[in-house]
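J.: In this note's numbering, the protein residues as written are 534 to 1186.
All C-beta atoms, glycine included, are put in the ideal place defined by N, C-alpha and C.
Sharing a structure with you now.
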Ligand code: 1YM
């Protein structure tokens, strides 16, 4: 591998140190690609499915940078047969001329030299210029093979690599009448837990990028036989259309999306917002096109200004009387909002580097929103009144919920707050060591109770149809007889009072069949957690049990498969070089039909089970799915269920 410039000792640098030491375009601390193969997680976050998808985003980001520079209008992303990826753009093409410092073609340097400031976790360099293409070498290092073609100056240049090493140096392979870059790669199976791409995951990310880059056309294709799909993502309206999309299955309270925009020095801010008649808010924020799920200064500035403007407007118009106030939460009820800021020195903070830390951005966003929202409300008094009515209703509902909660607390104090009768609790008392399985149906609940390890696993069976919390406000949820066992068993309260330090189990596992009924109960529970115990999901306490679908037996070897694709792969592996070998394949029935021992072995034994952690990495998609599944509109719901009945609802993007 080409270690062209000065070597640092990558083993001694943590990612934070690398970022702190990075000080603009002049930095030339370069490491070899071996470092990437030794510690892939440091460069792409993880080697799980999410890390795998990061490879695609790294290459696409380079194409989008070219679009931001004004040279590229179209990007295409394809998942090909065999799970290889092709990304194409119609920009200038990566430079192919010889770089004076290295004596090598720039193209080669882009793909073989690891630039400092590992991209994962973000960094401010994107709009600071000079460090384009930092991720290409990482993708190259982690690919079994990679081919790049550049159309430039009438010629087609090509170069090939394997695991970061050059296998074919740059050469001209043809002539062309256009410009652009095409990269095709196959992720290295030795580096990743899985090498199967998820079209939905890539589609979601590309749609987000298309919303954030108004006018850019992104086409996505799934060309794998049997699952072909394609879509074109192209939004002239940018984040305004993002908000329209967020509200697509809801009922907007006003027709026009409110749009605000401003700039100071190198920083720009854009905000789009529209209220709907639901009770929850969706605020999605970005800094330099990087999603900031933990919020930060841009969100704070927005929230502060929104609350101030609405209170001032209420006082001025006489809608809010005397010393009354509406709270920040009240002002955000039913709000769909996208905030996008761009700045040259973005500081990403927090555990997952998902929070924007630059304090001056709070002032900028709050200033822009204060000025422009006030003007909007004055020019649109009907909308203004509607928004304020909604906030005041929210305020009254919050008071009612508080009273309901207090009355439950008094009742509990009188009757003693006992754990639900159906709960089979565990013996261990340290929440960090315990798990609760919430199980659909009494028969699966029975098997789970017998099959579990009662030292640390508790079982709570649920039955019957649960309250649909999408359609209920807080005061209805508190006294509900289906949800209260869940609330009591978890022990951490709900709503504003949710306190995860009181949580009785640090793993909350939803166990339901992989069919439509299972999807339904899972969605109901997740909706409930999402709306009323959001930190439970945000802090990673919620899991879905993943029961296997197939059992494969050859001689004394037994293996499990969780999808049809996996069944075929494993069956081929078990046959090995012997095409006549017999592999017995049986399909598992529902959870309720597994015996306790089988359930333990396949789904509950920590040594052997698969758990899928439910995260809020894309709270937006989750919210959209919840609304779609639970909201008032029937037709899109039917379509969604038909498309996804077989899948575990995937909130982990
Ligand atoms: C399918 C992936 O990488 N496109 C792409 C990358 C570059 C350019 C154009 C480019 C940049 C510049 C000048 C510049 C990159 N160039 C470099 C480097 N698509 C994809 N399209 N000319 C072309 O930044 O000045 C890195 S990425 F460093 F060589 F300039």
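From this set, 871, 822, 966, 863, which residue's C-alpha is nearest residue 843's C-alpha?
T.: 863
J.: Which residue wins for smallest C-alpha separation from residue 910, given the options 955, 882, 845, 940?
T.: 845
J.: Going by beta-carbon coordinates alone, are residue 753 and residue 834 separated by less than 9 Å?
T.: Result no, Cβ atoms of residue 753 and residue 834 do not sit closer than 9 Å.
J.: Hey, out of 819, 773, 1072, 1097, whose CA is closest to residue 875's CA?
T.: Check the Cα spacing between residue 875 and each of 819, 773, 1072, 1097: the tightest is with 819.
J.: State yes or no: is the C-beta of residue 839 within less than 9 Å of the C-beta of residue 808?
T.: no
J.: When burial is assigned at 16 or more other CB atoms within 10 Å of the CB, is residue 966 buried or exposed?
T.: Burial state of residue 966 is exposed, judged by a 10 Å Cβ sphere holding fewer than 16 other Cβ atoms.
J.: Among 719, 991, 1019, which residue has its Cα nearest to the Cα of residue 510?
T.: Outside the displayed span of the chain (534 to 1186) sits residue 510, for which this structure offers no information.
J.: Starting from residue 735 and walking both ways along the beta strand (DSSP E), at which residues does that stretch end?
T.: For residue 735, no beta strand (DSSP E) run applies; the uninterrupted alpha helix (DSSP H) run containing it begins and ends at 732-745, by DSSP.
J.: Which of helix, strand or coil does DSSP assign to residue 603?
T.: coil
J.: Please classify residue 707 as buried or exposed, where buried requires at least 16 neighbouring CB atoms within 10 angstroms.
T.: exposed
J.: Tell me whether residue 678 sits in a helix, a strand or coil according to DSSP, three-state version.
T.: strand
J.: Can you give me the start and stop residues for the alpha helix (DSSP H) that residue 767 sits inside?
T.: No alpha helix (DSSP H) contains residue 767, which is instead part of the beta strand (DSSP E) from 762-767.
J.: What does a CB cutoff of less than 7 Å around residue 1081 pick up in its chain, not counting 5 residues either side in sequence?
T.: Here the set comprises 1093, 1094, 1095, 1121, 1135.
J.: Secondary structure at residue 660, three-state DSSP: helix, strand or coil?
T.: Confidence at residue 660 is low in this model, with a pLDDT of 40, below 50, so its placement is unreliable and no value can be given for it.
J.: What runs of the alpha helix (DSSP H), each 4 residues or longer, lie entirely inside the region 835-884?
T.: 861-865
J.: If you count every other CB in all the chains shown that lies within 10 Å of the CB of residue 631, and 16 or more means buried, which is it?
T.: exposed
J.: Identify every run of the beta strand (DSSP E) within the region 913-994, keeping only runs that are complete inside it and at least 3 residues long; order them along the chain.
T.: 968-973
J.: Ligand 1 and residue 626: does the residue's C-beta get closer than 8 Å to at least one heavy atom of that ligand?
T.: yes
J.: Whose C-beta lies closer than 7 Å to the C-beta of residue 535 among residues of the same chain, with five residues either side of it excluded?
T.: Legend: pLDDT at residue 535 = 33, less than 50; position of this residue unreliable, value from coordinates given subsequently. In the same chain as residue 535, and ignoring 5 residues on each side of it, the C-beta atoms closer than 7 Å to its own belong to 645, 646, in chain order.
J.: Report the rounded CA-to-CA distance for residue 705 versus residue 633, giving the unit in angstroms.
T.: Taking the straight line from one Cα to the other gives about 21 Å.
J.: Quick check on this structure: which residue in 1090, 1118, 1089 has the alpha carbon closest to the alpha carbon of residue 1101?
T.: 1118
J.: According to DSSP, residue 1074 sits in a beta bridge with which residue or residues?
T.: Answer is none; residue 1074 lacks a bridge partner.
J.: With a cut-off of 8 Å, do at least 3 Cβ pairs link the region 959-973 to the region 1033-1044?
T.: Note that the region 959-973 touches the region 1033-1044; at least 3 beta-carbon pairs, one per stretch, sit closer than 8 Å.
J.: Looking at C-beta atoms only, is the number of pairs between the region 780-797 and the region 618-632 that lie closer than 8 Å three or more?
T.: The answer is no - the region 618-632 does not touch the region 780-797, with fewer than three Cβ pairs under 8 Å.
J.: CB-CB under 6 Å to residue 791, same chain, minus the five flanking residues each way: which ones, in chain order?
T.: Within the same chain, residue 791 has close Cβ partners 806, 909.
J.: Measuring alpha carbon to alpha carbon, tell me which of 885, 887, 878 ends up nearest residue 893.
T.: 878
J.: Throw me the rounded Cβ distance for the residue 743 and residue 766 pair, which I believe falls under 8 Å.
T.: 4 Å
J.: Around the C-beta of residue 934, are 16 or more other C-beta atoms found within 10 angstroms, so that it is buried, or is it exposed?
T.: buried
J.: Does the beta-carbon distance from residue 622 to residue 609 come in below 9 Å?
T.: The Cβ atoms of residue 622 and residue 609 sit closer than 9 Å to each other.
J.: Under a CB-based cut-off of 9 Å, is residue 1042 close to chain D?
T.: The chain inventory of the structure shown lacks chain D, comprising one protein chain alone.
J.: Please confirm whether residue 981 and residue 994 have their CB atoms less than 9 Å apart.
T.: It is a contact, given that the beta carbons lie within the stated cut-off.
J.: Nearest by alpha-carbon distance to residue 917: which of 600, 886, 851 is it?
T.: For residue 917, the nearest C-alpha among the options comes from 851.
J.: Is residue 617 near ligand 1, going by C-beta to nearest heavy atom under 8 Å?
T.: no
J.: For residue 673, verify whether its CB is less than 8 Å away from any heavy atom of ligand 1.
T.: Not under cutoff, so the answer is no.
J.: What does the alpha-carbon distance come out to for the pair residue 1044 and residue 972?
T.: Residue 1044 and residue 972 have their C-alpha atoms spaced approximately 5 Å apart.
J.: Who are the Cβ neighbours of residue 977 in its own chain at under 6 Å, not counting the five residues just before and after it?
T.: Same-chain partners within the cutoff: 1124, 1125.
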